[in-house]
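Residues 5 to 465 in the working numbering are what the sequence shown lists, from first letter to last. Note that beta-carbon positions come from the ideal geometry of N, C-alpha and C, so glycine has one too.
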Amino acid sequence: MAETLPNSSHRKDLITYSLKPSSRRQKNRRSSLLETIWHVNDTPQGESSAQLNQDEIPDHRIVTDPRLIAILDAEYEKQRAKDANEDHGSFESDDGEDESSRPQTKIDRWGMVQEHSAEQNEAERTERAKKSEKDKSRELKWIKMLRSIQEINGGQGQQTLDEKVKAWIAFEKKNREKIKSRIRKGVPDSVRMHYWPLFTGALEAQAKHPNKYSTYQKQLSGGVPTEVEKQIKKDLRRTFPDHVMFKINKGDKAFSGANNGTEDEKQFTSGQRSLYNLLAAVALDHPDLGYTQGMNMLASTFLMYMGEEDSFWMMHSVLNEAKFWSFKELYMTDFPLLSKFFYCHDKLLKKVAPKVSEKLVSLGVLTNMYAWQWFMTGFIDFPRGFVTRIWDIFFYEGVKIYIRVSVGLVLLKEKQILEFPEEEGIAVVSVLKDTSSFGDIDDAMEKCLKVNVSTKQVETW
């Protein structure tokens, strides 16, 4: 029997502070700040970080008040300076090993738990600092735009869903090209939870059926078809197992399911339970479809940015709206939409890069040998910053970006492909499936967006 959870808090951004003690004598130093995760919520108007005293920093690891950021920044830099002065820039453990060379557990900006060396962490911190000013400037533009939308029709205070939808339609009609240009540069993490439901039509669908998700959650108390439940639970454990929402750490107290649940069910984390609730509701919403592997990747990513109900409406819109080519067909028997993606990919590749297309044919490399995973999971195996950039455009413009990206990814490896001898088809597939060697995210996205094709062309193929 499924147990529903209240909607998880809206996540605007994820910032990590790796304050792991560098030597044993430092372990008691500000332990409440270790590996702090900051889920940014709306800052109350008129309040600033200066109004929050250091003593108000909570002892738990999840910080929900955005005013803490300045305090955390200051504490972090103060500790680094103090540690450096005390230990002259390096730390030795009791066994004499330099701890700066040991892997350090940290949580990246996407919520993934990773082990990096101190040198890697410092390199990442330096790279983030280079982009921070540009990112802040872009974020302010998006926030200002959001306020402009809210001010339409004299909107003040808390708006109804209908009011938000009408304001967005009016704003988008007048500013379509500006919105499109900004989306292609990337929507800031901190506002994706606000814009994605507008881009997809999810907010409009929710406004028309405000009680639908709560009704499905009540139905879940009666259970879902056994095969559907079994498949969902099987996929829960392999959905982003290294993400803080879904990772079970050894020794951690896992989320307990219903009292009559099995021991296996009781080991689900709260994030996995939210994902179960969401996917089960999607299955109830699509009785002809149920649940199919691959849906979990979309659904879990939505949960990283918003609550269960908002995530449900994102799934509903993506699976059913015309501009997404009835995306649910991607998960139906025989995968009819996947076949269409392959056909459009081949057609476009032949048009923009005939030599590459001919080379792949001569090597015996079929599109499904390298692009199946791309389309079925929304390119989820690529670096997270690249994936979310694709989805930003996909949610606003529709399916065309999927075809452009799939061809663009092949063109990024064009030189290598053309140099392979005829008998090296398998090696070419390996090169195309390698998601770690395609270069800078901005450069890769620029290459994909330069693949020339119109929506009309793609839809008529």
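Check: Cβ contact (3+ pairs, closer than 8 Å) linking the stretch 396–408 and the stretch 344–351; Outcome: yes
Check: C-alpha gap between A448 and L413, whole angstroms; Outcome: 8 Å
Check: Contact belief for Y217 with F316 at Cβ below 8 Å, rounded distance in angstroms; Outcome: 5 Å
Check: As assigned by DSSP and simplified to three states, the class of E428; Outcome: coil
Check: With 16 other Cβ atoms within 10 Å as the buried cut-off, status of K247; Outcome: A small correction: the amino acid at residue 247 is His; Lys does not occupy that position in the sequence shown. Looking at its Cβ environment, which holds 16 or more other Cβ atoms inside 10 Å, H247 is buried.
Check: Nearest residue (CA-CA) to V195, options T243, K140 and Y295; Outcome: K140
Check: Beta-carbon proximity of M380 to L334, cut-off 8 Å; Outcome: yes
Check: Cβ shell of V411 (< 7 Å), same chain only, five flanking positions each side left out; Outcome: H349, L352, L353, V356 and V455
Check: Helix, strand or coil at Q162 [DSSP, three-state]; Outcome: coil
Check: Spatial neighbours of L283 in its chain, beta-carbon cut-off 7 Å, leaving aside the 5 residues before and after; Outcome: I236, Y295, M299, N300 and A303
Check: Runs of beta strand (DSSP E) lying entirely within the stretch 358–397, each at least 3 residues, in chain order; Outcome: none
Check: Supposed close pair Q154, Q163 - CB separation, criterion 8 Å; Outcome: 7 Å
Check: Inter-residue spacing [alpha-carbon to alpha-carbon] between F250 and D112; Outcome: 15 Å
Check: Cβ neighbours of V462 in the same chain (closer than 8 Å, five flanking residues each side left out); Outcome: C348, L352, V403, K404 and I407
Check: Same chain, Cβ closer than 8 Å to H320, five either side skipped, listed in chain order; Outcome: A206, A209, V286 and D289
Check: Among Q420, Y220, E450 and F399, the one whose alpha carbon lies nearest that of P201; Outcome: F399
Check: The alpha helix (DSSP H) enclosing N281, as first and last residue numbers; Outcome: S274 to D289
Check: Pairwise C-alpha distance: K437 and K363; Outcome: 17 Å
Check: DSSP state of D446 mapped onto helix, strand, coil; Outcome: helix
Check: Inter-residue Cα distance where the pair is E450 and K145; Outcome: 21 Å
Check: Assigned secondary structure, M116 (DSSP; H/G/I helix, E/B strand, else coil); Outcome: strand
Check: Beta-carbon gap between I445 and F390 smaller than 8 Å; Outcome: yes
Check: Cut-off 7 Å between Cβ atoms - residues of its own chain near D396, not counting five sequence neighbours on either side; Outcome: I187, G190 and V191
Check: Nonlocal neighbours in the same chain, by C-beta distance under 6 Å from E325, ignoring five residues either side; Outcome: G205
Check: Distance CB(E423)-CB(L367) smaller than 8 Å; Outcome: no
Check: Own chain residues within Cβ distance below 8 Å of K184, not counting five before or after; Outcome: Y400 and E401
Check: DSSP-derived helix/strand/coil call for I252; Outcome: coil
Check: Within 8 Å, strictly: CB atoms of Q221 and N179; Outcome: no
Check: Below-8 Å beta-carbon distance, L323 vs any chain C residue; Outcome: Structure shown: chain C not included; a single protein chain is present.
Check: Distance CB(V365)-CB(V433) smaller than 8 Å; Outcome: no
Check: Close beta carbons around C452, own chain, < 6 Å, minus the five adjacent residues each side; Outcome: R408, V409 and G412
Check: Same chain only: Cβ atoms within 8 Å of W172, ignoring 5 sequence neighbours per side; Outcome: I153, L202 and L207
Check: Counterpart residues of H320 in DSSP-defined beta bridges; Outcome: For H320, which the question treats as bridged, DSSP gives no partner whatsoever.
Check: Spatially closest choice to R151 from K344, K168, I252 and Q271, by CA coordinates; Outcome: K168
Check: DSSP state of K110 mapped onto helix, strand, coil; Outcome: strand
Check: Whole runs of the alpha helix (DSSP H) within the stretch 177–234, excluding any shorter than 4 residues; Outcome: 180–189, 196–204, 206–212 and 216–223
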